[in-house]
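Only one structure is covered here, and it is reproduced in the block below.
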Amino acid sequence: MTRSPESIPWGRVLRLLRPLRASLAAMVGLSVLGSLAGLVPPLALGYLLNDLVERHGVKPEDALWAGLLAGAIAIEALAYIGSDGLYARNAGRLYRNLRLHMFDGIMRRRRAERADTEGLPSRFISDAETFEHVTIYALDAGSMLIVELGTALVVLGLLEAWAIPVVGPLLATTWLLTRRMQEPAASAGQQRQEQLERLTGTLAGELAADGGSEGRSRFATAAERLLGAEVRLGWVQAANLHISGALAKLGPIAVAISAAFAGSYRAGTLLTLYLLAARCFYGFDGLVDLSLGMQSVRGAINRCLELTDPPRPTTQGTPAERLAA
Numbered sequence: 640m641t642r643s644p645e646s647i648p649w650g651r652v653l654r655l656l657r658p659l660r661a662s663l664a665a666m667v668g669l670s671v672l673g674s675l676a677g678l679v680p681p682l683a684l685g686y687l688l689n690d691l692v693e694r695h696g697v698k699p700e701d702a703l704w705a706g707l708l709a710g711a712i713a714i715e716a717l718a719y720i721g722s723d724g725l726y727a728r729n730a731g732r733l734y735r736n737l738r739l740h741m742f743d744g745i746m747r748r749r750r751a752e753r754a755d756t757e758g759l760p761s762r763f764i765s766d767a768e769t770f771e772h773v774t775i776y777a778l779d780a781g782s783m784l785i786v787e788l789g790t791a792l793v794v795l796g797l798l799e800a801w802a803i804p805v806v807g808p809l810l811a812t813t814w815l816l817t818r819r820m821q822e823p824a825a826s827a828g829q830q831r832q833e834q835l836e837r838l839t840g841t842l843a844g845e846l847a848a849d850g851g852s853e854g855r856s857r858f859a860t861a862a863e864r865l866l867g868a869e870v871r872l873g874w875v876q877a878a879n880l881h882i883s884g885a886l887a888k889l890g891p892i893a894v895a896i897s898a899a900f901a902g903s904y905r906a907g908t909l910l911t912l913y914l915l916a917a918r919c920f921y922g923f924d925g926l927v928d929l930s931l932g933m934q935s936v937r938g939a940i941n942r943c944l945e946l947t948d949p950p951r952p953t954t955q956g957t958p959a960e961r962l963a964a
C-alpha cells in the first residue's frame, strides 16, 4: 500500500519564487483585473434586458449599457491575454531554476550515491512540472477565483440578501463532499510518479544491458504498473471534479428558482441573479479543483526537493558513532 506523501514544504517552495516576484505580481494584477471586469456583463445585461422588455424599444441609455457591456468584455480579454503571456514566461523561468538546483544537488553528492540514477529523468520532467500547480498556477488561478467568488457573493447579497442563505449551504456541502477525496488523490498522485520513475529506470537499464525478450517482459511489467497507477489517479480525480461540478451547476438554478418564488422579478433581474450565482459557484468549484490538484502533486514536489538537499555527511569512527550520526 502506498504511504501518504508528506506535506508540501512551503518555505522551500516559496524561495524558488523570489527571483520572479515582480513578474508574478504583474500576472496576478492582470488576472484580478480580468476577474473584476467579468463582473460587469451580468449586471449590464440585466439592466439592458429590463429596459428592452419593459419599454418595448431602444432608448438612448440602452447604448450606454451596451457600450459598458462591450468595453468590459474587451478589458477582460486583454487582461487575460497579458496574464497568460506572463504565466508562460514565469513557468519557463521556474522550470529552469528548479532543474538547475536539482542538477547541482545531484552533482554535490558522492559518486557512489549518484550510481543509481536511471530513473532520475522523470523527476526532471514530469515531477518538476508539478511545481507549476502549487506556485504559478495557484497564484494565477487562485487570485482570479477568489476575486470572482468574493465579488459575486457581495453583489448577490446587495441585490438580494436572501440569496446568501441559499448559496451558503450548497457551498458547504460541496466542500465537505470533496474534502474526503483529497488524501486519496495525494496518495494516487505519488504512486503514479513513483511508477513513472521505475518505468524510466527500467528503460535505461534494459537499453544498457540489451536484455532481449526478458528485458521486454520487465519493461512491460513496469508499464502495466504505471497504467494501473494512472487509472486509479484518474478515477479519484474524476469523482472529485464531477461531484463538485454537479453541485456548481445546481447552485445557480437553485438561486434563480428561489428568486422566482420570492416575488415577481423581471426577466433581466432573474438572468443577472443566475449569472452572478454561476460566477460564485464556479469560482468556488475552481478553488476546490485547485486544492485537489495541489494535494495530488505533494509526492512529486517532495521528490524534486530531495535532489536539492545537501549531501549527507560521511560518517566515520566507531560503529556506535556512525549509528548515532
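Once you know that position 120 of the sequence shown is 759 in my numbering, the rest is easy, because the numbers rise by one and skip nothing. Note that beta-carbon positions come from the ideal geometry of N, C-alpha and C, so glycine has one too.
- Message: Within a Cβ cutoff of 6 Å, which residues of the same chain sit near Gly-796, ignoring the five residues on either side of it in sequence?
- Response: Ile-803
- Message: If contacts are defined as beta-carbon pairs under 8 Å, then Leu-909 and Leu-684 qualify, I think. What distance do you get, rounded to the angstrom?
- Response: Rounded, the Cβ-Cβ distance is 12 Å, inconsistent with contact.
- Task: Go through the stretch 767 to 833 residue by residue and report every complete run of the alpha helix (DSSP H) that reaches 4 residues or more, in order.
- Result: 770 to 773, 775 to 798 and 802 to 818
- Message: I'd like the list of long-range same chain contacts for Arg-905, defined as Cβ closer than 6 Å, with 5 residues on each side in sequence excluded.
- Response: Asn-689
- Mind checking whether Thr-817 and Ser-883 have CB atoms under 8 Å apart? yes
- Shortest alpha-carbon distance to Glu-663 belongs to which of Gln-830, Asp-723, Ser-935 and Phe-858? It should be noted that the sequence gives Leu, not Glu, for residue 663. Looking at the Cα atoms, Asp-723 is the closest of the given residues.
- How about Asp-743 and Arg-942: do their beta carbons lie closer than 8 Å? no
- Query: Do you know offhand how far Glu-945's Cα is from Glu-771's?
  - Reply: 17 Å
- Ignore the nearest five residues each way along the sequence and tell me which others in Ala-861's own chain have a CB closer than 7 Å to its CB. Arg-837, Leu-838 and Thr-841
- Candidates Ala-895, Gly-873, Gln-821 and Leu-717: closest to Ala-676 by CA position: Leu-717
- Burial state of Met-933 (16 or more Cβ within 10 Å): buried
- C-beta contact flag for Val-875 and Ala-824 at 8 Å: yes
- When we look at the beta-carbon of Pro-891 and count the other beta-carbons within 10 Å, is it buried (16 or more) or exposed? buried
- Item | Buried or exposed (CB count within 10 angstroms, at least 16 for buried), Leu-659 | buried
- Message: I need the boundaries of the alpha helix (DSSP H) containing Ile-712, first residue and last residue.
- Response: 699 to 747
- Query: Does the beta carbon of Leu-809 come closer than 8 Å to any beta carbon on chain B?
  - Reply: In summary, chain B is missing from the structure at hand, where a single protein chain is found.
- If you follow the alpha helix (DSSP H) that Asp-928 is part of, which residue opens it and which one closes it? 906 to 935
- Item | Per-residue burial, Ile-775 [other beta carbons within 10 Å of its own, 16 or more giving buried] | buried
- Query: From Ile-714, Gln-821 and Pro-699, pick the residue whose C-alpha is nearest to that of Leu-931; which is it?
  - Reply: Gln-821
- Query: Would the stretch 920 to 930 and the stretch 775 to 790 be scored as touching if the rule is three or more Cβ pairs under 8 Å?
  - Reply: yes
- Message: Out of Leu-725, Gly-828, Asn-736 and Glu-700, which one is the CA nearest neighbour of Arg-657?
- Response: Asn-736
- Query: Can you name, in chain order, every residue of its own chain whose Cβ lies under 7 Å from the Cβ of Glu-845, other than the five neighbours on each side?
  - Reply: Gly-854, Arg-857 and Phe-858
- Message: Cutting at 7 Å between CB atoms, please list the residues of its own chain near Leu-914, excluding the five before and the five after it.
- Response: Pro-681
- Does the beta-carbon distance from Leu-669 to Val-794 come in below 8 Å? no
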